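Visitor:
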Amino acid sequence: MITTQNLTKTFGGRAAVSGLGLNFESGRIYGLVGTNGAGKSTLLRMLCGIYRPNAGSAALDGEPIFEHPASKERIVLVPDDLYFLPGATLEEMARFYRESYPRWNGEKFERLLGAFPLERGAKLSGFSKGMRRQAALILALAREPDYLLLDEAFDGLDPVIRLGARKLIADEVAARQMTAVISSHNLRELEDLCDHVTILHEGRLLMTREMDDLRSGYCKVQTAFRTPRETVELPGLEILRSERLGSVWTLLVRGGEEEVRAALDPLDPLLLDCIPLSLEEVFISEMEAIGYDYDHILF
Numbered sequence: 013m014i015t016t017q018n019l020t021k022t023f024g025g026r027a028a029v030s031g032l033g034l035n036f037e038s039g040r041i042y043g044l045v046g047t048n049g050a051g052k053s054t055l056l057r058m059l060c061g062i063y064r065p066n067a068g069s070a071a072l073d074g075e076p077i078f079e080h081p082a083s084k085e086r087i088v089l090v091p092d093d094l095y096f097l098p099g100a101t102l103e104e105m106a107r108f109y110r111e112s113y114p115r116w117n118g119e120k121f122e123r124l125l126g127a128f129p130l131e132r133g134a135k136l137s138g139f140s141k142g143m144r145r146q147a148a149l150i151l152a153l154a155r156e157p158d159y160l161l162l163d164e165a166f167d168g169l170d171p172v173i174r175l176g177a178r179k180l181i182a183d184e185v186a187a188r189q190m191t192a193v194i195s196s197h198n199l200r201e202l203e204d205l206c207d208h209v210t211i212l213h214e215g216r217l218l219m220t221r222e223m224d225d226l227r228s229g230y231c232k233v234q235t236a237f238r239t240p241r242e243t244v245e246l247p248g249l250e251i252l253r254s255e256r257l258g259s260v261w262t263l264l265v266r267g268g269e270e271e272v273r274a275a276l277d278p279l280d281p282l283l284l285d286c287i288p289l290s291l292e293e294v295f296i297s298e299m300e301a302i303g304y305d306y307d308h309i310l311f
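Just so you know, the sequence shown maps onto residues 13 to 311 in this note's numbering.
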């Protein structure tokens, strides 16, 4: 298990990551989400030992990660800004990996290469963005890491390749108890793939939850009352957002459906419909709750 305690990284006096305490257990898929500049990429670079923390620690099974080869050998990062040896082909990169990493699995590389439409002898510099990302994922999985860290993992992939990449990651997790930590702005995609989500904002931990708990812990309510109301309050529950259109209220509530129905029942609703929130709706609601005002962002 990778654990972090008070993990902090600063650049020029500004904290990119501040005081993070997280656990990443084996055999799970974690989604890492947050606003731009939330610290996701910085966190991933500390988890794989590229960045030295300014304070706190990141450890794998109790051993430090930074400047600890035995720990770093078990962790692979596929960054957002991909790098390959200048002028190298995919075949040449595979040869370099085979000589550099003891865990390299040549048979798996050949099998994965057959699953993607890539030319092994073509220079990677001539590949499209999506093709380069496919190549990076093939090389990463062939190293058979215990922990696979992916920064914007599916950016640039077409829908068919995207589906195939997600299946490969899920298969590795199921077959080898590999752990995947995936940073992405595509919340809909993470919702389908991940069983745990961590939300960062301005370098700090906003929330970390099981996906099933997240789905059951929020509720969108559409309701109307026999007697018109100017406000709606639910004792014991936090209303993250409320809107009224005519006589119908739409409420975003932090709480399960049973709790919401029990709180609304004394108000004698004429209409009551509870809808689970998507991960994107939860994320936006939590951002608004801490003052991130989407209504005043200009596009």
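We put the CB at the ideal spot given by N, CA and C, even for glycine. All figures in this text were calculated on a predicted structure; none of them were measured in a lab.
To the nearest angstrom, how far is it from the Cα of L19 to the Cα of P91?
Guide: If you number the sequence shown from 1, residue 19 lands on position 7. If you number the sequence shown from 1, residue 91 lands on position 79. One C-alpha to the other measures close to 20 Å.
Visitor: Could you work out which residue in S259, A106 and D163 is closest to V45 when comparing CA atoms only?
Guide: Indexing the sequence shown from 1 puts residue 45 at position 33. Among S259, A106 and D163, the Cα nearest to that of V45 is on D163.
Visitor: Ignore the nearest five residues each way along the sequence and tell me which others in R188's own chain have a CB closer than 6 Å to its CB.
Guide: Counting from one through the sequence shown, the residue named residue 188 turns up at place 176. Here the set comprises nothing.
Visitor: Return the chain-ordered list of same chain residues with a C-beta closer than 6 Å to the C-beta of H308, the five sequence neighbours on each side being excluded.
Guide: Numbered from its first residue, the sequence shown carries residue 308 at position 296. Any reading at H308 must be qualified, since the residue scores a pLDDT of 44, below 50, and its modelled position is unreliable; the value itself is stated next. Correct list: empty, nothing qualifies.
Visitor: Counting only runs that start and end within the stretch 109-156, where is the alpha helix (DSSP H) found for 4 or more residues in a row?
Guide: 118-127 and 141-154
Visitor: Which two residues bound the contiguous alpha helix (DSSP H) that contains E203?
Guide: In the sequence shown, counting from the first residue as 1, residue 203 sits at position 191. Per DSSP, E203 is one residue of the alpha helix (DSSP H) stretching across L199 to L205.
Visitor: Indicate the three-state DSSP secondary structure (helix, strand or coil) for F96 in the structure shown.
Guide: Numbered from its first residue, the sequence shown carries residue 96 at position 84. DSSP places F96 in coil when its eight states are reduced to three.
Visitor: Going by alpha carbons, who is nearest to L279 out of S254, E300, L257 and P240?
Guide: Looking up residue 279 in the sequence shown gives position 267. The shortest C-alpha separation from L279 is found at P240.
Visitor: When we look at the beta-carbon of D183 and count the other beta-carbons within 10 Å, is it buried (16 or more) or exposed?
Guide: For the purposes of this step, residue 183 is taken as residue 171 along the sequence shown, with counting starting at 1. Result: exposed.
Visitor: Exposed or buried, which one is I41 when buried takes at least 16 other CB atoms within 10 Å?
Guide: In the sequence shown, the residue the question calls residue 41 occupies position 29. Label assigned to I41: buried.
Visitor: Determine contact between the stretch 185-201 and the stretch 230-238, defined as no fewer than three beta-carbon pairs at a distance below 8 Å.
Guide: At 8 Å Cβ cutoff, the stretches do not touch.
Visitor: Going by the CB atoms, is the gap between L124 and A154 shorter than 9 Å?
Guide: Here residue 154 refers to the residue found at position 142 when the sequence shown is read from its first residue. Here residue 124 refers to the residue found at position 112 when the sequence shown is read from its first residue. Yes, Cβ-Cβ distance for A154 and L124 is below 9 Å.
Visitor: With a threshold of 8 Å, establish whether the CB of D170 neighbours any heavy atom of the ligand ZN.
Guide: This structure does not include the ligand ZN; it has no bound ligands of any sort.
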